[in-house]
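Engineer:
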Amino acid sequence: MAGCKTDCVEKPISIGFQKFGRFVGSNPWWFFLCPLLISTLLGSGFYFLEERESNDIEEQFTPVNGPAKLERQFVQQNFPLNDSVFSNQRLYTDGVYASFIAVSTSPSILTRAAFREIERLDRSIRALNVSVGGEALTFDGLCARRYKKCIPNKILDVYNFYGERFEKTELTFPFFRFGFTPVFLGYSVGGVNVSSAVLKSAKAIRFFYFLKEDNRSRTDLWLNEFLKVFPSNLSTKFIKVTYSTSLSRQVEFEANTKDVIPLFSITYVIAIAFSILSCLRFDCVRNKVWVATFGVLSAGLAVLSSFGMMLHIGVPFVMTVANSPFLILGIGVDDMFILISCWQQTNVHDRVEDRLANTYKEAAISITITTLTDVFYIGLMTPFRSVQSFCLYTSTSILFCYMYSITFFGAFLVLNGRRENRNQHWLTCKEVPEECPTDQSKWHELCCVGGAYDLHTGSEEVQPMNHFFKKYYGPFLTKSWTKVFVILLYMLYLTVSIYGCFQIKEGIDLRNLAADDSYVVRYYDDEKAYFSEYGPNIMVIVRSEFSYWDEKNMSDLESCVEDFKNLSFIEKDIFTSWIKSYKYYGYHTNLNLSAEHVFKDNLGTFLRFYSDFRQDVNFTNNSIYASRFFIQTVNISTALDEMNMLNKLRDTAQRCPVPLLVYHPAFIYHDQYAVIVSNTIQNIAVTTAVMLLISLLLIPNPLCSLWVTFSIASVIVGVTGFMALWDVNLDTISMIILVVCIGFSVDFSAHISYSFVSSKKLSANEKAVDALFSLGYPILQGAVSTILGVVVLSASKNYIFRTFFKIMFLVIFFGLFHGITFIPVFLTFFDMCSGMYDKVNKDKQGLEDQATGNSHGNNIQSKAKENDLTEKEIYFNHTFLPDVTEPCNSKPCPSVWGLTGISQDVQNSQMCMISTIPMFKVDSQTYTVHMYANHDTATFAVNGQSKCGPDDQNCVGNVNVKSEMSNHCTANNIPSIFSSFSDVDGS
1 MAGCKTDCVE KPISIGFQKF GRFVGSNPWW FFLCPLLIST LLGSGFYFLE
51 ERESNDIEEQ FTPVNGPAKL ERQFVQQNFP LNDSVFSNQR LYTDGVYASF
101 IAVSTSPSIL TRAAFREIER LDRSIRALNV SVGGEALTFD GLCARRYKKC
151 IPNKILDVYN FYGERFEKTE LTFPFFRFGF TPVFLGYSVG GVNVSSAVLK
201 SAKAIRFFYF LKEDNRSRTD LWLNEFLKVF PSNLSTKFIK VTYSTSLSRQ
251 VEFEANTKDV IPLFSITYVI AIAFSILSCL RFDCVRNKVW VATFGVLSAG
301 LAVLSSFGMM LHIGVPFVMT VANSPFLILG IGVDDMFILI SCWQQTNVHD
351 RVEDRLANTY KEAAISITIT TLTDVFYIGL MTPFRSVQSF CLYTSTSILF
401 CYMYSITFFG AFLVLNGRRE NRNQHWLTCK EVPEECPTDQ SKWHELCCVG
451 GAYDLHTGSE EVQPMNHFFK KYYGPFLTKS WTKVFVILLY MLYLTVSIYG
501 CFQIKEGIDL RNLAADDSYV VRYYDDEKAY FSEYGPNIMV IVRSEFSYWD
551 EKNMSDLESC VEDFKNLSFI EKDIFTSWIK SYKYYGYHTN LNLSAEHVFK
601 DNLGTFLRFY SDFRQDVNFT NNSIYASRFF IQTVNISTAL DEMNMLNKLR
651 DTAQRCPVPL LVYHPAFIYH DQYAVIVSNT IQNIAVTTAV MLLISLLLIP
701 NPLCSLWVTF SIASVIVGVT GFMALWDVNL DTISMIILVV CIGFSVDFSA
751 HISYSFVSSK KLSANEKAVD ALFSLGYPIL QGAVSTILGV VVLSASKNYI
801 FRTFFKIMFL VIFFGLFHGI TFIPVFLTFF DMCSGMYDKV NKDKQGLEDQ
851 ATGNSHGNNI QSKAKENDLT EKEIYFNHTF LPDVTEPCNS KPCPSVWGLT
901 GISQDVQNSQ MCMISTIPMF KVDSQTYTVH MYANHDTATF AVNGQSKCGP
951 DDQNCVGNVN VKSEMSNHCT ANNIPSIFSS FSDVDGS
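Counting in our numbering, the sequence shown runs from 1 upward without gaps.
1. For Ala98, which beta-bridge partners are listed by DSSP?
2. Per DSSP, what kind of secondary structure is Lys797 in: helix, strand or coil?
3. Can you tell me whether Val194 is helix, strand or coil according to DSSP?
4. Per DSSP, what kind of secondary structure is Ser14 in: helix, strand or coil?
5. Run through the DSSP bridge pairs and tell me what Glu506 is partnered with.
6. Keeping to the same chain, check which residues put their C-beta closer than 7 Å to that of Ser963; ignore five residues upstream and five downstream.
7. Residues in the same chain with beta-carbon distance under 7 Å from Leu640, minus the five sequence neighbours each way, listed in chain order, please.
8. Under a three-way DSSP split, which group does Ile313 fall into?
9. Could you round the C-beta distance between Val375 and Ile398 to whole angstroms and report it? I think they count as a contact, below 8 Å.
10. What does the alpha-carbon distance come out to for the pair Ser44 and His664?
11. When we look at the beta-carbon of Gln77 and count the other beta-carbons within 10 Å, is it buried (16 or more) or exposed?
12. Using 8 Å as the Cβ pair cut-off and three pairs as the minimum, do the segment 710 to 719 and the segment 672 to 679 touch?
13. Only counting the same chain, and skipping five residues up and downstream in sequence, which positions put a Cβ closer than 7 Å to that of Tyr625?
14. Identify which residue in Ser124, Lys203, Ala144, Ala113 has its Cα closest to the Cα of Tyr159.
15. Rounded to a whole number of angstroms, what is the C-alpha to C-alpha distance between Leu70 and His588?
16. Can you give me the Cβ contacts of His425 inside the same chain, cut-off strictly under 6 Å, excluding the 5 residues immediately before and after it?
17. Use the C-beta contact count for Asn592: other C-beta atoms within 10 angstroms, 16 or more gives buried, fewer gives exposed.
18. Under the three-state reduction of DSSP, which class applies to Ser201: helix, strand or coil?
19. Output yes or no for whether 8 Å exceeds the beta carbon distance between Arg249 and Ile378.
20. In chain order, which continuous runs of the beta strand (DSSP E) of length 3 or greater are located wholly inside the segment 135 to 177?
21. Could you check if Leu427 is buried or exposed, using at least 16 other CB atoms within 10 Å of its CB as the buried criterion?
22. In three-state DSSP terms, what is Tyr548?
23. Terminal residues of the continuous alpha helix (DSSP H) containing Thr370?
24. Got a sec? Which residues, its chain only, sit under 7 Å from Gly675 by beta carbon, not counting five neighbours each side?
25. Can you tell which of Ser366, Leu41, Phe226 has its C-alpha closest to the C-alpha of Met309?
26. By DSSP, does Thr688 sit in helix, in strand, or in coil?
27. Straight-line CA distance for Gly789 to Glu51?
28. In whole angstroms, give me the CA-to-CA distance for Ile266 and Ile272.
29. Which whole-angstrom value is the C-beta distance of Ile538 and Thr633, which I expect to be below 8 Å?
30. Among Leu280, Leu329, Asp214, whose alpha-carbon lies nearest the alpha-carbon of Gln463?
31. By Cβ distance below 6 Å, which residues in the same chain neighbour Val9 in space, the five residues on each side in sequence not counted?
32. What residue range does the beta strand (DSSP E) around Ser627 cover?
33. Does the distance from the C-beta atom of Arg22 to that of Asp354 stay below 8 Å?
34. Using the DSSP secondary-structure output, state which residues sit across from Met723 in a beta bridge.
35. Can you have a look at Pro262 and say buried or exposed, based on whether 16 or more other CB atoms are within 10 angstroms of its CB?
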């Protein structure tokens with residue numbers, strides 16, 4: 001069904017690659033040495049690696065221009081920090097601090113024994129100093145101050161005040177009135193047991209040591225000294241201590257890069273070893289050890305060139321980019337296996353440039369499709385810089401990997417092919433005999449004899465695994481009951497995947513940015529276990545001028561405040577508001593605050609008395625440009641809680657008639673929840689559409705292109721569902737890898753679909769078996785090599801690298817299963833790629849595998865009258881069968897076929913022979929060939945768009961008849977029809 005073919009793009013590209021392959025084959029040294037030179041020059045960019053490193057967590061893992069960053073800018077401009085009256089509640093950043101959590105080894109930490117150890121730790125921290133240029137940087141000199149005193153930890157003041165009576169003192173919770181001041185204990189006492197608002201026991205105590213933010217270089221020195229010295233003071237009996245600082249998360253995140261460097265070295269060794277084992281042959285000439293080694297080297301050069309180029313032009317190097325080499329290694333080795341497979345199917349007697357030309361003609365489109373689908377520059381649309389950097393580095397690496405595969409690796413195939421043509425040993429390069437002398441052992445045959453090939457096809461001997469796919473797996477897969485089982489298996493797969501998709505969790509847990517054995521992780525675990533009851537204290541900001549003295553306006557504002565308090569995660573009784581205190585002040589001083597001039601005239605006096613509130617009102621030039629109040633969240637312990645909190649707070653602020661915004665420093669990281677799902681869907685949708693377009697252009701059948709697109713969607717659903725079941729969140733890390741998934745999910749299915757469409761078999765089942773025979777083993781090799789490329793990451797202590805392994809494993813496993821199981825079965829049900837099956841004499845099908853050659857002619861027909869023609873059907877292997885198939889053992893041959901119409905007796909000067917059966921090979925598609933009757937002496941013509949002549953017509957054995965001959969086709973047995981093509985075609 002010709003109308004189903006869409007090869008207007010695929011065919012000329014394939015021919016172009018064929019010509020390029022011949023050019024590379026004619027000039028291998030240029031294409032071998034130039035990539036080495038380019039890699040050396042571009043690799044010098046690694047000199048700038050340290051300078052280009054950009055691992056700031058906020059910059060790389062939060063949305064560019066996220067709402068919280070704009071809100072922070074507003075807070076910073078309207079409510080500057082007051083260094084003399086420090087309030088951690090009013091910080092617009094995370095602050096600069098050291099902290100530790102003490103967890104009691106007994107049922108309660110509210111004992112004198114535990115507090116004596118806590119007090120000792122407190123003294124050691126306050127005594128800590130570091131010398132810089134002769135100056136001692138002490139905690140007292142760097143601490144954040146309130147009324148000229150370092151910010152205390154109030155619970156310790158309470159302990160010191162009560163002394164021996166501490167254990168018997170009734171501490172109310174969460175507020176305890178200490179003197180004239182209520183002390184909020186919710187952030188400092190955790191794991192509490194409360195009865196009637198009285199603290200009965202507590203499991204943990206948390207201390208903070210805040211430092212000034214005006215000189216970060218000095219405070220960073222002190223914090224680093226704290227991290228060095230403090231662990232040595234943790235020999236305690238009654239408490240277990242964990243600690244952290246404001247620097248720790250960033251420092252530990254950057255330290256993760258060191259974890260992956262030795263893993264990459266291991267991966268490279270594994271990849272080379274697997275490639276060599278896969279390409280190992282028990283033939284000392286055809287052995288592909290060096291081919292495999294240089295295939296892996298080609299991928300390494302691609303990483304060197306692309307990374308070097310990116311570093312030269314100043315692209316930031318983020319830690320997530322460290323995953324890229326593992327990915328590129330898998331892609332490069334996958335392309336290598338496809339090229340080697342196609343090379344082995346060419347005729348060993350052809351010139352090496354012709355073998356490479358035919359290799360590129362068969363393989364280049366396939367690897368081009370997978371390269372274009374793997375290149376995910378679309379990821380640059382995401383608002384996360386870490387994703388953008390990863391996509392830039394990785395996509396550029398994939399392009400270099402592709403270019404080096406068809407230049408550097410192709411050139412080495414030619415050089416290795418020349419060695420094989422000379423029948424030289426793969427290691428010693430000494431010429432060896434093709435046959436083993438009878439008096440030599442099997443070991444001698446293995447080591448010193450080589451150069452074997454298939455005498456029927458002229459190609460290299462088929463690998464045992466290819467036979468497995470053809471003789472066992474393919475026929476098994478195409479049985480009716482097997483297909484039913486595959487459909488049921490797919491339904492089960494889809495059901496579990498869809499269920500998993502509804503279990504997906506969003507957002508990255510910041511603890512996961514540190515290694516598993518990091519002290520930071522232990523601190524975060526204790527914080528979550530004992531201090532999650534009281535969450536962040538949220539700023540609610542009136543972001544424009546507002547008439548606070550107007551009763552109608554205030555009624556609207558108070559209604560909005562009530563809306564906030566009614567949210568399920570807001571503690572109604574903990575509310576900090578300057579306007580509430582000002583009204584209380586006005587009531588006790590008999591002020592009529594409903595009058596604008598009274599309200600403004602007395603506000604300055606009120607703010608001088610209440611210095612904390614002075615930081616909550618932007619009262620400038622007798623106008624209130626902005627003000628804020630605070631609400632307390634509770635029970636925010638999971639990423640889902642954080643997402644719901646942020647969305648509901650912003651929705652409530654949006655609905656309020658008063659212009660409000662909400663802010664907390666943690667919102668900078670929570671902003672990812674608002675965009676992670678939408679951006680993931682956007683990337684997947686756009687990339688899938690692009691891949692569908694690529695498939696439609698390069699796979700010569702639209703229906704099969706749709707099957708490739710279906711495979712993409714199916715694998716994405718599977719990976720998303722199973723990654724949720726494997727405890728992987730949808731975050732910036734997994735979003736990167738899901739974008740990669742789109743490309744990888746199409747690779748295996750594209751290979752199989754393209755091979756299925758290109759097959760000349762007659763039935764859908766035979767096409768499926770033929771596709772598996774041709775590419776099943778290379779696909780399996782590519783999948784295993786990619787998994788081996790990332791499997792070492794499973795041993796990483798870092799969440800990012802383990803997540804990369806988990807998702808890539810799912811991508812490759814499901815992609816492979818689709819490629820060699822689901823898609824072949826589905827294609828047999830919906831095979832409309834070739835239209836009506838050609839009818840053929842089944843008794844003559846056994847001659848398929850005897851056919852050989854690589855001819856490119858189109859329809860061959862006579863210029864004689866229709867009634868002088870005899871029709872013959874062309875087999876899948878491009879050959880037709882003569883009427884008489886007598887063995888041709890004598891010269892001249894007896895009557896076998898009237899090829900040129902001169903007589904019924906075909907002489908050996910007019911027919912190429914394969915074995916003893918005369919055959920003639922035509923186009924790469926199935927045609928009906930019209931042969932002349934014996935009385936017609938007209939010549940044959942070539943029809944169709946492609947130009948065919950003596951240069952393209954090969955005799956049996958894949959040998960160009962214009963130049964060199966094979967042992968199957970000698971100079972005096974070339975069919976006479978070849979000499980007439982150029983005259984008829986006009987070429």
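Glycine included, C-beta positions come from ideal geometry on N, C-alpha and C. Model, not experiment: these values are computed from the prediction.
Structural biologist: In this structure, then:
1. Here residue 98 refers to the residue found at position 98 of the sequence shown. Per DSSP, Tyr209, Thr245.
2. The count along the sequence shown starts at 1 and reaches residue 797 at position 797. It is coil, neither helix nor strand.
3. Here residue 194 is taken as the residue at index 194 of the sequence shown, counted from 1. Strand.
4. In the sequence shown, residue 14 corresponds to position 14, counting from 1. Note: Ser14 maps to helix in three-state DSSP.
5. Taking the sequence shown and counting its residues from 1, one reaches residue 506 at position 506. The partner list for Glu506 (beta bridge, DSSP) reads Leu730.
6. Numbered from its first residue, the sequence shown carries residue 963 at position 963. Any reading at Ser963 must be qualified, since the residue scores a pLDDT of 31, below 50, and its modelled position is unreliable; the value itself is stated next. So the list is empty, once near-sequence residues are dropped.
7. Indexing the sequence shown from 1 puts residue 640 at position 640. Taken in chain order, the residues that qualify are Lys505.
8. Here residue 313 corresponds to residue number 313 of the sequence shown, with the count starting at 1. Residue state, collapsed to three classes: coil.
9. Residue mapping note: residue 375 aligns to position 375 of the sequence shown, counting from 1. Residue mapping note: residue 398 aligns to position 398 of the sequence shown, counting from 1. That pair is a contact at about 5 Å.
10. The residue given as residue 44 occupies position 44 in the sequence shown. The residue given as residue 664 occupies position 664 in the sequence shown. Roughly 44 Å between the two C-alpha positions.
11. Position 77 of the sequence shown, counted from the start, is the residue given in the question as residue 77. Label assigned to Gln77: exposed.
12. no
13. The sequence position of residue 625 within the sequence shown is 625, counting from 1. Correct list, in chain order: Asn78, Glu545, Asn618.
14. Numbered from 1 along the sequence shown, position 159 holds the residue referred to as residue 159. Per the Cα distances, Ala113.
15. Taking the sequence shown and counting its residues from 1, the one referred to as residue 70 is at position 70. Taking the sequence shown and counting its residues from 1, the one referred to as residue 588 is at position 588. Each residue's Cα considered, the two are about 39 Å apart.
16. The residue given as residue 425 occupies position 425 in the sequence shown. Excluding sequence neighbours, His425 sits near Cys284, Val432.
17. Position 592 of the sequence shown, counted from the first residue, corresponds to residue 592. Label assigned to Asn592: exposed.
18. As a working note, residue 201 is residue 201 in the sequence shown. Strand, per DSSP.
19. For the purposes of this step, residue 249 is taken as residue 249 along the sequence shown, with counting starting at 1. For the purposes of this step, residue 378 is taken as residue 378 along the sequence shown, with counting starting at 1. No; because the gap between Cβ atoms is not below 8 Å, this pair is not in contact.
20. 135 to 138
21. Numbered from 1 along the sequence shown, position 427 holds the residue referred to as residue 427. By the neighbour-count rule (16 or more Cβ atoms within 10 Å), Leu427 is not buried but exposed.
22. Translated into positions along the sequence shown, residue 548 becomes position 548. Coil at Tyr548, not helix or strand.
23. Position 370 of the sequence shown, counted from the start, is the residue given in the question as residue 370. Start and end: 352 to 374.
24. Locating residue 675 in the sequence shown gives position 675, where the first residue counts as 1. Note that residue 675 corresponds to Val in the displayed sequence, not to Gly. The residues are Pro63, Pro383.
25. Within the sequence shown, the letter at position 309 stands for residue 309. Out of Ser366, Leu41, Phe226, Leu41 has the C-alpha closest to the C-alpha of Met309.
26. Residue mapping note: residue 688 aligns to position 688 of the sequence shown, counting from 1. Thr688 falls in the helix class under three-state DSSP.
27. Mapped onto the sequence shown, residue 789 falls at position 789. Mapped onto the sequence shown, residue 51 falls at position 51. Those two C-alpha atoms are separated by around 28 Å.
28. What you label residue 266 is simply residue 266 of the sequence shown in a count that begins at 1. What you label residue 272 is simply residue 272 of the sequence shown in a count that begins at 1. Going by the C-alpha atoms only, they are around 10 Å apart.
29. By one-based count along the sequence shown, residue 538 stands at place 538. By one-based count along the sequence shown, residue 633 stands at place 633. Rounded, the Cβ-Cβ distance is 6 Å, consistent with contact.
30. Residue mapping note: residue 463 aligns to position 463 of the sequence shown, counting from 1. Comparing Cα-Cα distances from Gln463 to each of Leu280, Leu329, Asp214, the minimum goes to Leu280.
31. Here residue 9 corresponds to residue number 9 of the sequence shown, with the count starting at 1. For Val9, where only same-chain residues beyond five positions count, the Cβ hits under 6 Å are Leu697.
32. Taking the sequence shown and counting its residues from 1, the one referred to as residue 627 is at position 627. It spans 623 to 634 - the beta strand (DSSP E) in which Ser627 sits, taken as one unbroken run.
33. On the sequence shown, residue 22 is found 22 positions in, with the first residue counted as 1. On the sequence shown, residue 354 is found 354 positions in, with the first residue counted as 1. In contact: Arg22 and Asp354 (Cβ atoms closer than 8 Å).
34. Within the sequence shown, the letter at position 723 stands for residue 723. Answer by DSSP bridge pairing: none, since Met723 is not bridged.
35. Here the question's residue 262 lines up with position 262 in the sequence shown. The residue in question, Pro262, is exposed, as its Cβ has fewer than 16 Cβ neighbours within 10 Å.
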